[in-house]
Structures are given as structure tokens and as C-alpha cells.
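Residue numbers 3 to 188, in the numbering used here, belong to the letters of the sequence shown in order. We put the CB at the ideal spot given by N, CA and C, even for glycine. Since the structure is predicted, the reported quantities are computational estimates derived from the model, not experimental observations. Here's the structure, in C-alpha cells; my notes come after.
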Amino acid sequence: MSEFLNGLFASDSFIPHGHCYLWKPELVGLHVSSDLLIGFAYFAISVTLVHLVRKIQLPFHGIFLAFGLFIAACGATHFIEVWTLWHPAYWLAGGVKWVTAIASVITALSLPPLISQVQGLVRSAKLAEERRFQLELANQELATLYEQLKQMDQVKTQFFANVSHELRTPLTLILGPTERLLREDA
3 MSEFLNGLFA SDSFIPHGHC YLWKPELVGL HVSSDLLIGF AYFAISVTLV HLVRKIQLPF
63 HGIFLAFGLF IAACGATHFI EVWTLWHPAY WLAGGVKWVT AIASVITALS LPPLISQVQG
123 LVRSAKLAEE RRFQLELANQ ELATLYEQLK QMDQVKTQFF ANVSHELRTP LTLILGPTER
183 LLREDA
């Protein structure tokens with residue numbers, strides 16, 4: 003096992019990648035900063051995907067994890083690029099690229115079988131959105147009808163109050179003298 007690890011980090015007869023850049027600080031700095039930023043971004047994306055899968059019940063969580071592994075492996079290739087600028091561990095770099103290749107192939111092969119399921123989810127989401135829109139319209143119509151009903155109830159109440167008043171006034175004129183006549187007859 004130690005022989006295998008020694009072979010991965012072996013730098014016999016290799017030169018660091020920085021020699022290819024003639025050790026120009028601007029060029030080395032450009033590659034180092036770019037590879038580090040890309041590597042950290044890839045790892046942040048991978049951590050976020052794993053967090054989403056663990057915290058939220060996502061459909062197809064397996065493909066999210068596959069993407070997380072693939073993206074993390076891509077990040078590792080950028081980190082190893084920084085390492086090989088000063089340390090010619092090209093066997094290690096090749097091993098990291100091999101892991102990245104396997105992760106990318108697994109992810110690529112996992113996607114096509116999911117197409118019909120994803121299309122089904124999209125159809126369901128569209129249908130749910132249409133139903134939500136229809137419910138909003140129905141609620142708006144009900145709210146409008148309710149307001150109209152309240153207004154009609156106020157009109158009815160006012161109408162009956164007016165009719166009652168209009169009926170009582172003539173009845174008072176009729177009942178008043180009639181009651182007097184009845185009292186006088188008695």
C-alpha cells in the first residue's frame with residue numbers, strides 16, 4: 003500500500019507544471035487563483051446539493067448526489083492542478099481525473115432514464131399551477147359575490163325599514179280615530 007502511495011506522489015523524471023509557465027508570476031498567479039476559485043465553488047455547490055438532499059425531500063435525490071460527487075471530483079481536479087504547479091505528482095493528478103471521469107460517466111448514464119419522470123413532474127407542476135390560478139379566480143368571484151350580497155342585504159334592510167315606516171304612518175292615521183270611536187261607543 004505504501005508503495006502505491008509512493009507511486010502516486012512520485013516525481014521522478016517529471017518537472018512541476020510551473021516550468022511550462024516559465025514560472026512567470028502573473029501566469030502562475032492567474033492559474034492558481036482561477037483553479038482555487040473554481041475548486042472552492044465546485045465544493046460549495048456539492049455541499050449545497052448534499053444539504054438539499056438531506057434537508058428537503060427532493061425527487062431524484064440520487065441524481066443530486068451523483069451531481070454532487072461529479073462536481074466535487076471536478077473541484078478536486080482544479081485543486082490538483084494547483085498542487086502540480088510545484089509538485090509533479092502527475093500519477094495522483096491522473097488518478098483524480100480518473101475518479102472524475104467515472105463520476106461523470108455514472109452521472110451522465112443516470113440522467114436519460116429520468117427524462118420521462120421529470121417530464122411528468124413538469125406536467126404535474128403546470129397542472130397544479132393552473133388549478134391554483136382557477137382557485138384564485140373562484141375566490142375573487144366569491145369575494146365579489148359576497149360584497150354584492152352584503153350590499154343587497156343593506157338595500158333590503160333599508161327597504162323594509164322604509165316600507166315599515168310608510169305602512170305605520172297611514173295605519174296610525176286610521177287606527178287613531180278608530181280607537182277613539184270604539185272608546186266612545188263603549
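Note to self: Tell me which residues share the same chain as residue 101 and place their Cβ nearer than 7 Å to its Cβ, disregarding the 5 neighbours each side in the sequence.
What the structure shows: Same-chain partners within the cutoff: 75.
Next item on the list: May I ask you to report which of helix, strand or coil DSSP gives residue 89?
Entry: In the structure shown, the three-state DSSP call for residue 89 is coil.
Notebook entry, point to check: Around the Cβ of residue 143, are there at least 16 other Cβ atoms within 10 angstroms (buried) or fewer (exposed)?
Noted result: Its Cβ having fewer than 16 others within 10 Å, residue 143 is exposed.
Note to self: Going by beta-carbon coordinates alone, are residue 109 and residue 19 separated by less than 8 Å?
What the structure shows: With contacts defined as CB atoms closer than 8 Å, residue 109 and residue 19 fail to qualify as a contacting pair.
Check: Looking at the structure shown, is residue 100 part of a helix, part of a strand, or coil, going by DSSP?
Finding: Look at residue 100 here: in three-state DSSP terms it is helix.
Margin query: Since residue 47 and residue 113 should fall inside the 8 Å C-beta cutoff, what is the C-beta to C-beta distance between them, to a whole number of angstroms?
Written below: About 17 Å separates the two Cβ atoms, so there is no contact after all.
Next item on the list: Identify, in the order they occur along the chain, each residue of the same chain with its Cβ nearer than 6 Å to the Cβ of residue 43, setting aside the five sequence neighbours on each side.
Entry: Closer than 6 Å at Cβ, skipping near neighbours: no residue.
Check: DSSP three-state call for residue 128: helix, strand or coil?
Finding: Helix, per DSSP.
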